[in-house]
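All residue numbers for the sequence shown refer to numbering that gives the first Met the number 0, where the first residue is 0 and numbers rise by one.
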Amino acid sequence: MAILLRRLHLETASTLVCLLCACLDIVCVLLAGYFCVAFFNGLFPTRDRPFLCDDPTLMKPFKPNTISVRFLLAVCLGFPLLLSLVVESLSRLSSATRRGPGWLKRILASVTYISMEYIVGFLADVIIMLVGKSYFGVLRPHFLDVCQPNVDVNNCEGKMLTVESCTQKSYRELESARHSFPSGHASAAVYSFMFLTFYLTQRRKQIRNRYVSCLCHVILATYFVWAVVCCVSRVTDNWHHWTDVLGGCIEGFVISCLLFKRRGSSIRTAMMLS
């Protein structure tokens, strides 16, 4: 995955060159991912689902996100990548036989391989989620509050309506209210948790230090609680039905297993480098 860094001979290239190539690799894949997400976001029209004007599952009040998208991305992208840097550094520095000429360059190579693998999987998860939201077009629990249909929802006696009956002027808010399934928050949280589970389990077996093993368990337990809170908040905030959260969890789990459990994973390659 690390295209520029892979082309270098780690024994002859300088540390500065390795650092530059590692940064360029990660920046390039992030930029490519940004354009891919921008391309797929709105590429397919949202399925038009008729709805009952008095559907109780769509009459929840609109609430702001307890966990914002920015905070979600900061945790799900920033924490695993920062943790991989710390773990790879400790893995090499804790072994006297691994310290020597080029040890810093090998840490950079390991972290870059792991980061690239994780980011590509995360982007695949996001793209599948965006396509799924448009394809299914499931309405959020607060849909009627956002839609503001041109009828009295308290006295309409099961009248079937379409999106054309909405008086909401903001196209963006109305589209968001039609993208309930699957839950992007749940998918991202489960995907990142599964990555940490796989990665720390593999590293713990190699380092074989009881303090490191204990720390890995604490990190995984803490991140599991974070993932659960993230999923539950989507229901309590009236942004998703429980089935949307379940679908997001399954999506994140399946993608992480396909990515990190397959033979020849770049993460295993990165571990061999250090």
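Cβ atoms here follow ideal geometry from the backbone N, Cα and C, with glycine treated the same way.
Integer-rounded CB distance, given that residue j should sit under 8 Å from residue i
{"i": "A176", "j": "F142", "result": "5 Å"}
{"i": "R48", "j": "L138", "result": "6 Å"}
{"i": "F50", "j": "L160", "result": "6 Å"}
{"i": "V36", "j": "V125", "result": "6 Å"}
{"i": "C52", "j": "V150", "result": "5 Å"}
{"i": "I118", "j": "V28", "result": "5 Å"}
{"i": "S88", "j": "I106", "result": "6 Å"}
Rounded straight-line distance, which links the Cα of residue j to that of residue i
{"i": "I254", "j": "V145", "result": "32 Å"}
{"i": "D54", "j": "L214", "result": "48 Å"}
{"i": "F197", "j": "L258", "result": "11 Å"}
{"i": "F180", "j": "L84", "result": "34 Å"}
{"i": "K260", "j": "P79", "result": "17 Å"}
{"i": "C155", "j": "A123", "result": "42 Å"}
{"i": "T96", "j": "S90", "result": "At T96 the pLDDT is 48, less than 50, meaning the model places this residue with poor confidence and gives no usable figure here."}
{"i": "W238", "j": "K62", "result": "8 Å"}
{"i": "I25", "j": "R171", "result": "31 Å"}
{"i": "C230", "j": "Q167", "result": "28 Å"}
{"i": "P148", "j": "P140", "result": "15 Å"}
{"i": "V16", "j": "L219", "result": "34 Å"}
{"i": "F121", "j": "A187", "result": "7 Å"}
{"i": "N40", "j": "V130", "result": "8 Å"}
{"i": "V228", "j": "V68", "result": "14 Å"}
{"i": "S164", "j": "G251", "result": "35 Å"}
{"i": "L199", "j": "C256", "result": "15 Å"}
{"i": "F38", "j": "Y210", "result": "45 Å"}
{"i": "G247", "j": "W102", "result": "40 Å"}
{"i": "Y33", "j": "A21", "result": "19 Å"}
{"i": "Q201", "j": "H240", "result": "35 Å"}
{"i": "H216", "j": "A73", "result": "22 Å"}
{"i": "N64", "j": "D236", "result": "6 Å"}
Among the options, the one whose alpha carbon lies nearest that of residue i
{"i": "F192", "options": "F223, G183 and S179", "result": "F223"}
{"i": "K104", "options": "D124, L82, S13 and V74", "result": "S13"}
{"i": "L245", "options": "P49, V189 and G41", "result": "V189"}
{"i": "L71", "options": "H216, H240 and G183", "result": "G183"}
{"i": "R203", "options": "E250, C20 and V86", "result": "V86"}
{"i": "I66", "options": "H240, W225 and L42", "result": "W225"}
{"i": "I249", "options": "M128, V26 and C35", "result": "M128"}
{"i": "M115", "options": "L30, D236 and G131", "result": "L30"}
{"i": "G157", "options": "L57, W241 and H240", "result": "L57"}
{"i": "F135", "options": "F43, Q201, F121 and L19", "result": "F43"}
{"i": "L19", "options": "C256, S212, A108 and C165", "result": "A108"}
{"i": "D243", "options": "W102, H178, S212 and H216", "result": "H178"}
{"i": "F194", "options": "G77, G32 and S169", "result": "G77"}
{"i": "T111", "options": "L23, G247 and R209", "result": "L23"}
{"i": "L82", "options": "I113, N64 and K59", "result": "I113"}
{"i": "V152", "options": "K59, G32, F34 and A73", "result": "K59"}
Residues that residue i bridges to, as DSSP identifies them
{"i": "F50", "result": "L160"}
{"i": "P63", "result": "In the DSSP output, where bridge partners are listed per residue, P63 has none listed."}
{"i": "P148", "result": "C165"}
Could I get the ranges of all uninterrupted alpha helix (DSSP H) runs contained in the stretch 103-140, with 4 residues as the minimum, in chain order? Whole alpha helix (DSSP H) segments, 4+ residues: zero.
4 or more residues per run - each alpha helix (DSSP H) lying fully within the stretch 161-235: You should have 170-175, 183-206 and 209-235.
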